[in-house]
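Below is one structure, written out as structure tokens; the observations come after it.
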Amino acid sequence: MAYQLGLHPGTVWHKSDFQCHTPRDLAWSGSPDLPGGGEAAETARMDWAKSFLKAAEDAGLLAVAISDHHDICLSKYVMAAAAETGSAVRAFPAVEITLADNAQCLAIFDPSLEADTQKLALAAAGNLLPAADADSKTCAIVPARETVMGFVRNIAAEQHLKDVCVILPHFSRQDAHKSLNEAGHHPRFANLTVDGVYIEQPYGDLDEVTIQKIHGKIDDWGRRRRAVVATGDNRSADWNRLGKHDCWIKLGEHSIEALRQALLADEARIVYETPESPAERLVELHVKSTLTGAVPVAVSFNDGFNAIIGGRGAGKSAFLEYLRFGLGRTDRDLGTRNEDANDREVKLIDETLAGDGYVEVVLEREGVRETWRRTVANPEAIVVSSGGGSTTLTTKTARERFRSRAFRQKGLSSTMNDPSTASEQITSIAAAEEVDKQREIEQLIENARRDVTTALQNLASYWQSRLEHQQAKSKVDDLRQRLTALAQRLEAEGASAEHLKTLEDAPKYSRTADYINQVADQAISGLADLEGLEDSLLQVDLADYEGAAEFEDAVGLRDLTVQTKAAVSTAIAGAKRGLNTLIAGQAAAKEAFALKHTAFKATYDAALVEQGKHKNLIDDSARLTAELQTAEGVLSRARAAETSKSPYVKAYDDAVTNLDELVERRHQVLKTAADKVAGKSSDLLKARVKKDRLPAAYISTLAKLFEGTGTQQVDEGCSEWVGAILTEDQASGWQTLRKSLLEIYEAKINAGSPPEASEGLLSALQSVLFKGARTLTERQRKRIYINLSDASISAIVSAVPRDSIILSYMDDGRAIDFKMASPGQQASALLELLLKQSAGTLIIDQPEDDLDNRVIMRIVELLRKSKTTRQLIFSTHNSNIVVNGDADKVIALKSAEPSSNPNVNSARIQIDCDGAIETPSIRPAITSIMEGGREAFDLRGRKYGFETA
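Residue 34 is where the sequence shown starts when you use our numbering, and the numbers rise one by one after that.
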């Protein structure tokens, strides 16, 4: 199939069965014979071929081989039917041969091979003669003259077959029919130059010894690793064995070369359970820039291992930098620094994407396809489009949305270059698999810090209300004492006892009126609260959770929720009725009391007139009575405010406790990640979680207290202060300090926040600041006192440390600080760690730059394993990485031809070809770009003494 340049998919999983028989087989059952010759007979054969393809599709097969015993006749009908119907099933011609040593082989041919050429395989087996094409059945099956070894040797010597035929000997368990896995066959098997075997049973049923024989783990059976292809051996019209034994093979082309490449990389290309694609993967990249020319470059990515190759200056690094930009993962986005690299990368992005340039990344997240578009005109935003419309994300949000890691050239060996970012980079690499948990808990910590800030402000408002309550109570007590003293003077001066009693009773009426009004206010507020509660009560709806209604547990819980809500709603309705009754009762009480109050007012006014001779005292009493009435109203409101805010004390304690617990949870997440490092780096690395012994947030928030004080070397002093606190008590030193500062701030509010602090407060400050190690001037202490505020204290109490993962490199069993390892040691260890993680798409520019070839071969093994579970995108100059790493897709770039014409402005990034290793144009491109051409490769082989013919 032809693909647009850049959009070849690379290798794709095909459920396969390479041993499928036809009605020509002597053991076929369940349908009529299919003789050939006439038009009707030929039509019947084609109809059968179509029915076979339909059955293969129903079985989920995408690759099949028609492999009758000693016969090749009907495979051409299946291939013709596939071409006619456009079936997705890739059909291969094949033949099953029984050889002289009572073992069977499958010979599978390239689909392009003519039938007459296929028959040469029968000759190679020892002059086997097939039945005539028009016959309904094959000839009687008798063993060929050649042994398996002779047959394989003859195929390799046949120039028309050696490059278009793959031989798979039968190697099922020892009791299997006509299998090489029998005692005495080991010398033949050991010397067979084949890359795979087939079995007629599930792979999981093979015993361990048989697997070791196949994989070259037992010397007597040879050291050559061979792949295992499980087949069904179907011979029935009910298709009961078609695809019976699961076997998925990754193929990049419909060719025998694709099968050969799969056999050579069976660890990554052949599986026996349904393979899973990464839940998140990059699908395509589109770039319009001055480097790509007038037409945007478009390239698709395989969900396995993608290798970008090209000569020097072909644009590999630029290509990946555009990809990093599209994902919001450039060094500038991440805040990591490498000045030389940053300069180049920043210029590349800013200059080549200026104007109408853009980067578009198409990706999938759990099956949802999105297109991300980013430009330098609005670099802080990534516009995301999908079937549901479009939205705009910040680069930070985009990175959280799509998990990936992207390293520029020499990015792995330079993580320790900048001390300010080294710890964070190492932590993010080591904790890559825990990134979702880490990201979630980081967000929870940020939310908790805001909660602590709010709780502190609420707590301060509670303290203020408590102070106002105390002040209001003090004023009421004072007014009452003064009124009592006036009453005593009036009585002493002969005022009427009855009138004095009237004057004394005046505040009672005021208090009663205030009480009645407060009942109404609180009842009305209670009604509003109940209505809000009813509106928010148990709003969870099972219908919002797709598929949950299929589970009886969820349905039962839904029913109980409905019942509970109904019961609570009934209770709320009763409470509302009670409050409405109270409001009505309050209105009646208010009306009745108003009559009493009016009557008393008349008596009170009369008493004032009657006691005219005591006018001055009576005026003072009236004034104080009015003030008392006002003060008691203030006291009532202050008492209510303090009561309503009293939960803020516990809310603050809970908020701080929650923050501390989240910080500890983050520590545990990092510890879990650190514990995995040794195993995932083949013990090249050891990791531990380092407690933040000198948190920058602690130091900076404390330093804010000293703004405007003129204190010298504040940062150094605060650093020493924090260090001393945490050295003395790492677990609770900071909690003790923030509690002490909180108590001082509470004392300030309790004192009424006067502009000038008392000596006691200043002394308390002196004892806490720097743990009393520094003597501050009175002016400095007064300024610090002024700086005590909701903002400064909430910053202190919400400050959190930044624990990190520390790596050690194991050098011949001796642990050394990771930063002391060589760049090559750092890069190889980190790359191994990254490849053994399952943590989203991994993008690396030329990882081989700091690696020697011995390390690269270990990395190659990891590539084959890693690419089965995650997407990899590497640019490289190293052929081992591409070929032995079995790249699922190779993208070969070519440089524009140099020109002395200054008016020539051709594209500098161009795709030469793309596809799987088996794609016809790819291997020549790899040979030319990475090996210096076939001649150079052959010369090296001869110099090494290797056979290259």
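Glycine included, C-beta positions come from ideal geometry on N, C-alpha and C.
Note that this is a predicted model, so its numbers are computed, not measured.
Query - Spatial neighbours of T535 in its chain, beta-carbon cut-off 6 Å, leaving aside the 5 residues before and after - result: T636, Y637, A640
Query raised in the report: According to DSSP, what are the bridge partners of L489?
Result: Answer by DSSP bridge pairing: none, since L489 is not bridged.
Report task. Compare the beta carbon distance of R402 and V395 with 8 Å and say whether it is the shorter of the two. Result -> yes
Query raised in the report: What span of residues does the beta strand (DSSP E) with E313 cover, start to end?
Result: 313-321
Query raised in the report: If you run the structure through DSSP and keep just helix, strand and coil, what is D878?
Result: strand
Query - Extent of the continuous beta strand (DSSP E) run through F142 - result: 137-142
Query - C-alpha distance - P957 paired with A92, whole-angstrom precision - result: 37 Å
Requested in this report: Closer than 6 Å by C-beta to R438: which residues in its own chain qualify, once you throw out the five before and the five after it? Chain order, please.
Outcome: L875
Query raised in the report: With a Cβ-Cβ cutoff of 8 Å, do A825 and L738 count as a contact?
Result: What sits at residue 825 in the sequence shown is Ser, not Ala. It is a contact, given that the beta carbons lie within the stated cut-off.
Query - Sheet register partners of G126 (DSSP bridge) - result: According to the sequence displayed, residue 126 carries Pro and not Gly. Beta-bridge pairing links P126 to I99.
Report task. Would you mind reading off the limits of the beta strand (DSSP E) that contains T239? Result -> Per the sequence shown, residue 239 should be read as Leu rather than Thr. Per DSSP, L239 belongs to no beta strand (DSSP E) and is neither H nor E.
Report task. Determine the burial state of M853: buried for a count of at least 16 other Cβ atoms within 10 Å of its Cβ, exposed for fewer. Result -> exposed
Query - CB of V261 within 8 Å of CB of G229, strictly - result: yes
Report task. Please list the segments of the alpha helix (DSSP H) lying wholly inside the region 164-247, counting only runs of 4 or more residues, in order along the chain. Result -> 181-190, 219-223, 241-247
Query - For L512 and L657, the rounded distance between their alpha carbons - result: 7 Å
Query raised in the report: Hey, L798 and I829: beta-carbon distance below 8 Å or not?
Result: no
Query raised in the report: What is the DSSP secondary structure of S733, counted as helix, strand or coil?
Result: helix
Requested in this report: Please specify which runs of the beta strand (DSSP E), each continuous and at least 3 residues long, are wholly inside the region 373-426, giving them in chain order.
Outcome: 391-398, 401-407, 414-419
Report task. Starting from the C-beta of K246, find all residues in its chain whose C-beta is less than 6 Å away, skip the five residues before and the five after it, and write them out in chain order. Result -> W254
Query raised in the report: Just the Cα atoms here: how many angstroms apart are G873 and R482?
Result: 30 Å
Query raised in the report: Between Q52 and S100, which are expected to be in contact by the criterion C-beta below 8 Å, what is the C-beta distance as a whole number of angstroms?
Result: 5 Å
Query raised in the report: Run through DSSP, which three-state label would P630 get?
Result: Contrary to the premise, residue 630 reads as His rather than Pro in this sequence. Reduced to three states, the DSSP call for H630 is helix.
Requested in this report: Please state whether DSSP places N934 in a helix, a strand or coil.
Outcome: At N934 the pLDDT is 45, less than 50, meaning the model places this residue with poor confidence; the figure from the coordinates comes in the next sentence. Coil at N934, not helix or strand.
Report task. Using three-state DSSP, classify D50 as helix, strand or coil. Result -> strand
**Report entry** Option in R259, A463, K211, S322 with minimal Cα separation from R293
**Finding:** R259
Query raised in the report: G119: buried (16+ other C-beta within 10 angstroms of its C-beta) or exposed?
Result: exposed
Query raised in the report: Roughly how many whole angstroms lie between the Cα atoms of E865 and Q904?
Result: 15 Å
Requested in this report: Give every residue of the same chain whose Cβ lies closer than 8 Å to the Cβ of E179, excluding the five residues on either side of it in the sequence, and list them in chain order.
Outcome: L132, A133, A157, A158, G159, N187
Requested in this report: With distances taken Cα to Cα, identify the nearest neighbour of E779 among A493, Q207, C106.
Outcome: A493
Query raised in the report: Where does K534 sit, in a helix, a strand or coil, going by DSSP?
Result: helix
Query raised in the report: Can the beta-carbon of L774 be found closer than 8 Å to that of V755?
Result: no
Report task. Within 10 angstroms of the Cβ of P935, are there 16 or more other Cβ atoms? Answer buried if so, exposed if not. Result -> Because the pLDDT of P935 is 44, which lies under 50, any placement of that residue in the model is unreliable, and the question is left without a value.
Query - Which of helix, strand or coil DSSP assigns to Q763 - result: coil
Query raised in the report: Which partner residues does A340 have in the DSSP bridge list?
Result: F907, V923
Query raised in the report: What residues are listed by DSSP as bridge partners for D844?
Result: R847
Query - Completely contained beta strand (DSSP E) runs for the region 668-745, where each covers 3 or more residues - result: 718-723
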